[in-house]
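There are 2 protein chains.
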Amino acid sequence: MTKRADKPITLADVARRAGTSTAVVSYVINNGPRPVAAATRERVLAAAAELGYRPNRIARALRSRTTGVVGLVLADASNPYFGALARHVEQALERRDRLTLIGNAGYSADRQRDLVDRFLAAQVDGLVIVSAEGGDDVTDRAEAAGVPAVYVHHGPSDGRARVVAADNHDAVREAVAHLRGHGHRHIAFLGGAHDAGPVAARRTAWEAAVAGDPWAALLRCDYSRAAADSLTRRLAADDALPRALITATDEQAIGVLSGAWASGVAVPGRLAVISLDGTPESAHTAPALTVTRQPLEAMAEQAVELLSGRDSGAPGVHAPLVIRRSCGCDED
Amino acid sequence: MTKRADKPITLADVARRAGTSTAVVSYVINNGPRPVAAATRERVLAAAAELGYRPNRIARALRSRTTGVVGLVLADASNPYFGALARHVEQALERRDRLTLIGNAGYSADRQRDLVDRFLAAQVDGLVIVSAEGGDDVTDRAEAAGVPAVYVHHGPSDGRARVVAADNHDAVREAVAHLRGHGHRHIAFLGGAHDAGPVAARRTAWEAAVAGDPWAALLRCDYSRAAADSLTRRLAADDALPRALITATDEQAIGVLSGAWASGVAVPGRLAVISLDGTPESAHTAPALTVTRQPLEAMAEQAVELLSGRDSGAPGVHAPLVIRRSCGCDED
DNA sequence: CACTGCTATCTAAACGATTAGATGCGATGA
DNA sequence: TCATCGCATCTAATCGTTTAGATAGCAGTG
Numbered sequence: 001m002t003k004r005a006d007k008p009i010t011l012a013d014v015a016r017r018a019g020t021s022t023a024v025v026s027y028v029i030n031n032g033p034r035p036v037a038a039a040t041r042e043r044v045l046a047a048a049a050e051l052g053y054r055p056n057r058i059a060r061a062l063r064s065r066t067t068g069v070v071g072l073v074l075a076d077a078s079n080p081y082f083g084a085l086a087r088h089v090e091q092a093l094e095r096r097d098r099l100t101l102i103g104n105a106g107y108s109a110d111r112q113r114d115l116v117d118r119f120l121a122a123q124v125d126g127l128v129i130v131s132a133e134g135g136d137d138v139t140d141r142a143e144a145a146g147v148p149a150v151y152v153h154h155g156p157s158d159g160r161a162r163v164v165a166a167d168n169h170d171a172v173r174e175a176v177a178h179l180r181g182h183g184h185r186h187i188a189f190l191g192g193a194h195d196a197g198p199v200a201a202r203r204t205a206w207e208a209a210v211a212g213d214p215w216a217a218l219l220r221c222d223y224s225r226a227a228a229d230s231l232t233r234r235l236a237a238d239d240a241l242p243r244a245l246i247t248a249t250d251e252q253a254i255g256v257l258s259g260a261w262a263s264g265v266a267v268p269g270r271l272a273v274i275s276l277d278g279t280p281e282s283a284h285t286a287p288a289l290t291v292t293r294q295p296l297e298a299m300a301e302q303a304v305e306l307l308s309g310r311d312s313g314a315p316g317v318h319a320p321l322v323i324r325r326s327c328g329c330d331e332d
Numbered sequence: 001m002t003k004r005a006d007k008p009i010t011l012a013d014v015a016r017r018a019g020t021s022t023a024v025v026s027y028v029i030n031n032g033p034r035p036v037a038a039a040t041r042e043r044v045l046a047a048a049a050e051l052g053y054r055p056n057r058i059a060r061a062l063r064s065r066t067t068g069v070v071g072l073v074l075a076d077a078s079n080p081y082f083g084a085l086a087r088h089v090e091q092a093l094e095r096r097d098r099l100t101l102i103g104n105a106g107y108s109a110d111r112q113r114d115l116v117d118r119f120l121a122a123q124v125d126g127l128v129i130v131s132a133e134g135g136d137d138v139t140d141r142a143e144a145a146g147v148p149a150v151y152v153h154h155g156p157s158d159g160r161a162r163v164v165a166a167d168n169h170d171a172v173r174e175a176v177a178h179l180r181g182h183g184h185r186h187i188a189f190l191g192g193a194h195d196a197g198p199v200a201a202r203r204t205a206w207e208a209a210v211a212g213d214p215w216a217a218l219l220r221c222d223y224s225r226a227a228a229d230s231l232t233r234r235l236a237a238d239d240a241l242p243r244a245l246i247t248a249t250d251e252q253a254i255g256v257l258s259g260a261w262a263s264g265v266a267v268p269g270r271l272a273v274i275s276l277d278g279t280p281e282s283a284h285t286a287p288a289l290t291v292t293r294q295p296l297e298a299m300a301e302q303a304v305e306l307l308s309g310r311d312s313g314a315p316g317v318h319a320p321l322v323i324r325r326s327c328g329c330d331e332d
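From first to last, the protein sequence lines stand for chains A and B.
For the first sequence, the UniProt record's numbering begins at 1 and goes up steadily by one.
For the second sequence, the UniProt record's numbering begins at 1 and goes up steadily by one.
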């Protein structure tokens, strides 16, 4: 008895049923640019409801030249850090009634460029770029298409691009101060194998914070757990572990923890650790990690805000210190 | 010296420059339904290249009634399991030259329904649903709109919906057999607090696999690390821990590990653990987790295939056993 | 040479919504 | 009573592609 549903309902259908033109229906649907008499509005609303009318966003987009869709270029959704960021960006967009196109660029500048082109062809209203490194020419392409772009976790530093990131200097300073409070003199840092992206900034911040201490060691390895794990085992075997360590990412911190565990090194007794990341996971390691938590939600919100708003000069979002056990504190 | 780029290039621009009609250009661009003389094709291609023409997908979508966009409804992208699944789905779609709209439903059936409606209004060509539980009425809505829908991690069991999932029975049987091989007689199971979704199937599979053993204990807690952690501490304090345990998810397994560590319980010596999940993380816990790895990539591929293809009756994807240390094996 | 049959191309009507301009109508004021 | 004003509404152009139907040119055939 139900109507055949394979013919989608259009504005014209609603207009016919309400006995008006498509224009009025449009005016009613989106409190149009012109007013509509109350009685007519009622009729239209009723007709729309009865027919189950759903505006076709594609048609609307073609005419109004705005799709309500934003492209999100992600390095890798299976990385929990990026995944969480993606989720917050999507939700910030949904709050503004926009949809999110997602794509994984997988750490490749080529693929990132490709994705951006595909998104631009889909007429996105904006681009949010959450990539590990590189991909700086994206700004040009987006600009050429007249589409605003915002980098979130890190971005080109030439000042032309809008970049939202945590205030690393601040965070590292706080972490160093905390470890000093535990009596540590020399605070080592575990960064990435190559200097690039936001971790370079974290290293710089660490260098500033420990300036004047020639014994503060700089360690390096890949951002994977495996790499940090084996580095830690190697250092433990050589008896070359520092007593206090700040890691650039949770992945590395967790690798350090498992490497230390495997080598019989006590954390935080023999080795105190603070990570500059703060994924939810960090609360459930053994021992629980003390971190400076990346303010993902605030960053996502600011990024989306920046997409529409004017150049609010993105002053860097504060990353709070979350004290757990790996630093030497004994809360429970 | 460059052209003002704010006026996007259209088919008509290319046609004018090539001295043809828009029809031929269209035929050339997509090896149209009609042939074009070689010489003309060359001219068109040249003109398009010179102008940097990019077809407007929105206009194309409006006319051809197919957007090349698929909606991906996700419970929560910050969960690494879902994140990885999302990534594989996106990449399987990209291989077929389609774009992915993403949305986080956050374990709420209402939000899921809402998202599906938004996606349908955006005229998606298909829907991939990766949600934890519930949301079964989505099938109806999609069907009414004539859009194919596939559930991935779990879905309604009424047989009307297309569901791609790992073969849990098979996986659990293998895990139980392996633990028995280590000499364990009674193999406990840690499931979710409430019976629902795919974990119910895992529990059922476990019940089948340990049938006849009245001492095989069924434990329950939330899927969070915190819950599993505190449950483990409690059981350890009461000296009520089993000797061999299969957990429904890695999150729980990791919680068990940290709870055991905090309670001085040796894994795998006092408590052997196998998780039915297998996120990348499971390789880097202390000790490394033995798991039946969910075949995420294969599942994603099959889901996307199912979206276009006919009802290939989704026979369940095999989840291989990955032997590490938490089961009692001593590989290194 | 008239006619048929191809091929290569052009013309123009969709797709479904938005919105500027035209229109109709009742109320108001002179 | 007529011109005027405003409001509510209608008409139709438009966004950029796709594609069915019309057309033109040319070769082959009787």
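Using N, Cα and C, we set each Cβ at its ideal position, and we do this for glycine too.
Between Gly83/B and Ile29/A, the alpha-carbon positions lie close to 36 angstroms from each other.
Counting the other CB atoms within 10 Å of its CB gives Thr66/B a total below 16, which places it among the exposed residues. Between the C-alpha atoms of Gln112/A and Ser282/A there is a straight-line separation of about 29 angstroms.
If the five residues before and after Gln294/A are omitted, its C-beta is found closer than 7 angstroms to the C-beta atoms of Ala166, Asp277, Gly278 and Ala319, all from its own chain and listed in chain order. In terms of Cα proximity to His186/A, the closest of Arg173/A, Leu85/A, Asp213/A and Arg203/A is Asp213/A. A distance below 6 angstroms between beta-carbons, with the five flanking residues on each side excluded, links Thr290/A to the following residues of its chain, in chain order: Ile274, Ile323, Arg324, Ser326 and Cys327. Taking each of Arg202/B, Arg220/B, Pro198/B and Asp250/B in turn and checking the Cα distance to His169/B, the smallest one comes out for Arg202/B. In this structure, the straight-line span from the alpha carbon of Pro198/B to that of Leu307/B is close to 21 angstroms. Closest in alpha carbon position to Glu305/B, among Ala161/B, Val150/B and Leu101/B, is Val150/B. Within the stretch 275-318 of chain A, the runs of alpha helix (DSSP H) at least 4 residues long that lie entirely inside it are, in chain order, 296-308. No Cβ-Cβ contact shorter than 8 angstroms links Ala171/B with Thr249/B.
Here Leu45/B is actually not in contact with Arg17/B; their C-beta atoms are around 11 angstroms apart, not less than 8 angstroms.
Neighbourhood of Thr67/B in chain A, by CB distance below 7 angstroms: Ile58, in chain order. For Glu297/A, there are no neighbours in chain B by C-beta distance under 7 angstroms, as the nearest C-beta there is about 11 angstroms away. Per DSSP, the continuous alpha helix (DSSP H) segment holding Gly259/B begins and ends at Asp250 to Ser263. Residue pairing for Tyr151/B: DSSP places it in a beta bridge opposite Ile129/B and Val163/B. A straight-line Cα-Cα distance of about 27 angstroms links Ser157/B and Val69/B. Taking 7 angstroms as the upper bound on Cβ-Cβ separation, chain B lies near residues Ala77, Ser78, Pro80, Gly83, Ala84, Ala86 and Arg87 of the stretch 77-89 of chain A. Within the model, the alpha-carbon separation for Ala303/A versus Ala37/B is close to 49 angstroms.
Closer than 8 angstroms to the CB of Asn104/A there is at least one CB belonging to chain B.
In the DSSP assignment, Ile29/B falls within the unbroken alpha helix (DSSP H) covering Thr22 to Ile29.
Here Arg34/B is exposed, its C-beta having fewer than 16 other C-beta atoms within 10 Å. Of the candidates Tyr81/B, Asp125/B, Pro268/B and Asp76/B, the residue whose Cα lies closest to the Cα of Tyr107/B is Asp76/B. For Arg220/B, the uninterrupted beta strand (DSSP E) run begins and ends at Leu218 to Arg220, by DSSP.
Annotation: Cβ neighbours of Thr285/B in chain A (cutoff 8 angstroms, chain order): Ser258. Inter-segment contact for the stretch 204-221 of chain A and the stretch 247-263 of chain B is absent: fewer than three beta-carbon pairs are separated by less than 8 angstroms.
Around the CB of Asp125/A, 16 or more other CB atoms lie within 10 Å, so the residue is classed as buried. For Leu72/B, DSSP records a beta bridge to Ile102/B and Val128/B. Arg54/B belongs to the set of residues whose beta carbon lies under 8 angstroms from a beta carbon in chain A.
Under the three-state reduction of DSSP output, Ile58/B falls in the helix class.
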